[in-house]
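Take 11 as the starting number for the sequence shown in the working numbering and just add one per residue. Built from N, CA and C at the ideal position, the CB exists for glycine as well. Read the structure below first, then the notes.
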Amino acid sequence: FNINDLIDSGLKPVTVCSDILKPGGYGRLAQYVSTLSEKKNKETRSPLEKLNAYADEVVLNDDYKRDPFVTKSIKTSRALGYFDCIHAPCVDECPTNQDIPEYLYHTSQGDFQKAFDVIMIKNPFPNVLGVACDHLCQTKCTRINYEQALKIKEVKRFVAEKGFEADISISPSNGKKIAIIGAGPSGLSCAYFLRMGGFEVEIFETKSIPGGMVSEAIPEFRLKMESLRKDIERIEKLGVKIRYNSKIDSQLFARLQSEYDSVYIAAGAQRFKTLQMEGENAAGILNAFEFLKTTKQGKITDLGKNIIIIGGGNTAMDVARTAKRIAQPGSTVKVLYRRTRTEMPADVDEIKALLAEGIELNELVAPEKLVISGGRISSIVCAKMELVKSSTDSRMTPVKIAGQFVEFQVDSLIPALGQDIDIDFITYGELQTVKGSYETSVPGVFVGGDAMRGAATIVKAVGDGRKAAIQIAAKAGIVLPSEKLSSDKKMSHNDFIVRKSKRVKIDSEIAGDHPEFSAESAIQEASRCLFCGDVCSVCVTVCPNRANNYYLTQAAEIPVWKIDFKGKEASYKIDSYLKIQQKYQVLNVADFCNECGNCTTFCPTNGSPFSDKPRFCLTEKSFSQTENGFLLQKNGASTTLLHRNGDKIMKLTKDENAYNYSDEAIAVSFDLVDYHVINAMKLKTLDPEIKLNKAAEMKVLIDSVTILGT
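Here it is in structure tokens:
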């Protein structure tokens, strides 16, 4: 029926829908009809007037506006496995892997000291990163799926600026000495975590002040020096020694290698790239680093009327915004970038601030020629560019448009094209690391931060320092205190259900300025956290066919056995453990799934729950047709789980006596109580060593998934 016809007829919804609605639905529909009736009686506008009014409303509605800088997706690079997939995507995306939901929880409870303590476990720069972090965590906040991300960085900044100090305990001295080259964020971070682990740490810094590029080049309007000073002083108070004016050459580097147990290279990337064009040494062309440093020292440069910055990173944004602040009235500041603003590597907030301050962004232009007059730059000719799809790079590639150029008048030109490392005491080849490791090809020498990855963000440098410290300590057989500390947060499912969803509206004079949080607004904002690291139901919730379902497991460590048939008799030992740490797991019922991809879209991992989770078939027919699936069968006191992977069939039977596993190569019996191997028999000559990973996974499933067997 047409709802307006129903209103006009005077019929009650129960009369029309008595055989359709469930109990409780009648009252809701009646309320809905009553509301519409009131609106209809008051409405005097024509249908066209109402349509035009609605069109105007849509244009202004924030819910329909697309942010050109942000692609709203909580998917991360984390792999999706069979078990224990519940993990907060904000933590995955944070280079320091901070326990974000935990400090948000304590903030929501008004316990700011405890929130600060949690931050300090994995982040020794709370004041700096509360302001100058590119907050990738917020781009993966689960709240994006509902309305807007939490203001995680602003909450951290509020907590850090309350003036708390964490009770940092230092382990007893372990007798190990570590030398760190560079007192920037990465070197200081590494020193912080190693010192807490009982290491003696000494930092060798080329310059007379600590902080690296953060100290010398980041403008005061973006980061107050007081914030940096607080964080560095806290690290020094732990007993970290900094030797200033210590230029590292090959001779000193060799001495450090011999006198210290490990060396961590954390030298910054402070050699700025140049245009590599004729005339780039002309007057009016400035070095970006020198410009930022001298301006920060209070030395003002006369930039003239036409100021051009080339680049799209954070340094280019800092240069342009600094130039805008010191330029003469009536001057213009323009940024030239060879791609579009969507591809700019700069922090989104910095780009928005740049535009809000009236700085002109010229996209899809690349320097082609410098025009020099009387030894001074007068203009720059740029080629117009277009973006084309690359076969080797995920980013679109800028390509020149033949014969199309644009010329810009220039009084001052400041290229900000990125930075290179300036290290001459070790070769480039020796600096290379194995993927996932911070140790170089030189034993005992580690590298991180800009020295490893090139110029990057502060938070990545801090994260590298922590992860390198973990590996340095592991090499010495030591687990750092930061990795031992566990959460004492208590949260019931009722807490989860009633989390507040109120948005906190914080206005700032200019986009990119740091909003001020009151205690009340910080508590309200932190209360919006969904604690998706404790509970995640997204793949189950969005499945239209209910093909994805929960099942429950118990915390356990299942031994993964390795069977060796090299001798006359089989020998076996535990190779590793399959650790189950979460109560809630997910499976897919293949018979119900049409592989629509909803779960893939919303899952915060880079996987697809419908294919990466255990796929259970309900019938032997569907099992015979699957490429990768399970079939659970019950026969009295015996339960059998079959797994098909292509042409291979694996089988695990659980009865009153044992677990009996078999595949094409082996048959093994395991004890019911502690899952030790009772006996093993080789069925086929394959690899003489066989690891039983699949048997461990199938044990978890046969113990936990019971209802499908009926």
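Just to confirm my understanding: we take S225, look at its own chain, exclude 5 residues before and 5 after, and list those with CB closer than 7 Å. What are they? Close CB contacts of S225 within its chain, under the 7 Å cut and outside five residues either way in sequence, are with I219 and L238 (chain order).
Smallest Cα separation from K344: which of D359, E353, A532 and I320? The shortest C-alpha separation from K344 is found at I320.
State the CB to CB distance for the pair A356 and A326, rounded to an integer number of angstroms; the pair is presumed to be in contact (CB under 8 Å). The C-beta distance from A356 to A326 rounds to 7 Å, short enough to meet the 8 Å contact threshold.
According to DSSP, H653 sits in a beta bridge with which residue or residues? Its beta-bridge partners are F640 and M660.
Taking C-alpha atoms, which residue in T152, G646 and N558 lies nearest to C609? Taking each of T152, G646 and N558 in turn and checking the Cα distance to C609, the smallest one comes out for N558.
Does the Cβ of R244 have 16 or more other Cβ atoms within 10 Å, making it buried, or fewer, making it exposed? By the 10 Å Cβ count, R244 comes out buried.
Helix, strand or coil at Q338 [DSSP, three-state]: Collapsing the DSSP output to three states places Q338 in coil.
For D681, tell me which candidate among A690, I590, I361 and Q267 has the shortest Cα-Cα distance. Of the candidates A690, I590, I361 and Q267, the residue whose Cα lies closest to the Cα of D681 is A690.
So is F541 buried or exposed if we call it buried at 16+ other beta carbons inside 10 Å? Around the Cβ of F541, a 10 Å sphere holds 16 or more other Cβ atoms; the residue is buried.
Inter-residue CB distance, D328 and P229 (contact presumed, cutoff 8 Å): The pair is a contact, with the Cβ atoms about 6 Å apart (cut-off 8 Å).
Return the chain-ordered list of same chain residues with a C-beta closer than 7 Å to the C-beta of A479, the five sequence neighbours on each side being excluded. Correct list, in chain order: C200, F203, L204 and L490.
Assign V398 to buried or exposed, taking buried as 16 or more other Cβ atoms, counted over all protein chains shown, within 10 Å of its Cβ. By the neighbour-count criterion, in which 16 or more other beta carbons inside 10 Å mark a residue as buried, V398 falls on the exposed side.
Inter-residue spacing [alpha-carbon to alpha-carbon] between D544 and P105: For D544 and P105, the gap between their C-alpha atoms comes out near 21 Å.
Measuring alpha carbon to alpha carbon, tell me which residue in I361, A89, G314 and S632 is nearest P339. Comparing Cα-Cα distances from P339 to each of I361, A89, G314 and S632, the minimum goes to G314.
On the three-state DSSP scale, how would you describe K344? K344 falls in the strand class under three-state DSSP.
On a CA-only basis, which of S648, D430, N655 and K445 is nearest A466? Give me that one, please. The shortest C-alpha separation from A466 is found at D430.
With DSSP run on the structure shown, which of helix, strand or coil describes E449? In this structure, E449 counts as strand in the three-state DSSP scheme.
Helix, strand or coil for M501 per DSSP? Any answer about M501 is weak, because its pLDDT of 40 lies below 50 and its placement is not dependable; what the coordinates show is given next. Of the three classes helix, strand and coil, the one that applies to M501 here is coil, per DSSP.
Given D474, which residues of its chain have a CB within under 6 Å of its CB, disregarding the five upstream and five downstream residues? Here the set comprises S196, G458 and G459.
On the DSSP bridge list, what partners appear for I390? Bridge pairing for I390: L380 and F418 [DSSP].
At what residues does the alpha helix (DSSP H) containing V138 begin and finish? For V138, the enclosing alpha helix (DSSP H) begins and ends at P136 to L139.
If you run the structure through DSSP and keep just helix, strand and coil, what is R625? Reduced to three states, the DSSP call for R625 is strand.
For the region 706-718 against the region 621-630, do three or more pairs of beta-carbon atoms, one drawn from each stretch, fall closer than 8 Å, so that the two count as touching? Because the criterion of three Cβ pairs below 8 Å is met, the region 706-718 and the region 621-630 touch.
On the three-state DSSP scale, how would you describe L718? Helix at L718.
Would you call the region 57-68 and the region 575-583 touching, i.e. three or more CB-CB distances under 8 Å? Output reads no: the region 575-583 does not touch the region 57-68.
Three-state secondary structure (DSSP) at S218? In this structure, S218 counts as coil in the three-state DSSP scheme.
Flag this pair as yes or no: are the beta carbons of P377 and L296 separated by less than 9 Å? Taking 9 Å as the cut-off, the Cβ atoms of P377 and L296 do not count as close.
I568 beta carbon less than 9 Å from that of I590: The answer is yes: Cβ separation under 9 Å.
Less than 6 Å between C-beta atoms, sequence neighbours within five positions excluded: which residues of the same chain meet that for E300? Closer than 6 Å at the Cβ level, and outside the excluded window around E300, lies no residue.
DSSP puts I295 in a beta bridge; with which residues? For I295, which the question treats as bridged, DSSP gives the partners L423.
Determine the contact status of Q564 and D684, defining contact as a CB-CB distance below 9 Å. Taking 9 Å as the Cβ cut-off, Q564 and D684 do not qualify as a contacting pair.
How about I436 and S260: do their beta carbons lie closer than 9 Å? Contact: yes.
Other residues of its chain near K240: CB distance less than 6 Å, five sequence neighbours each side excluded: Sequence-distant Cβ neighbours of K240 in its own chain, meaning closer than 6 Å and more than five residues away, are N137.
Should L374 and M395 be called a contact, given that it needs their Cβ atoms to be closer than 9 Å? The answer is yes: Cβ separation under 9 Å.
Please report the distance separating the alpha-carbon of F209 from that of V273. If you take the alpha carbons of F209 and V273, they lie about 12 Å apart.
In three-state terms, what does DSSP make of F174? Reduced to three states, the DSSP call for F174 is coil.
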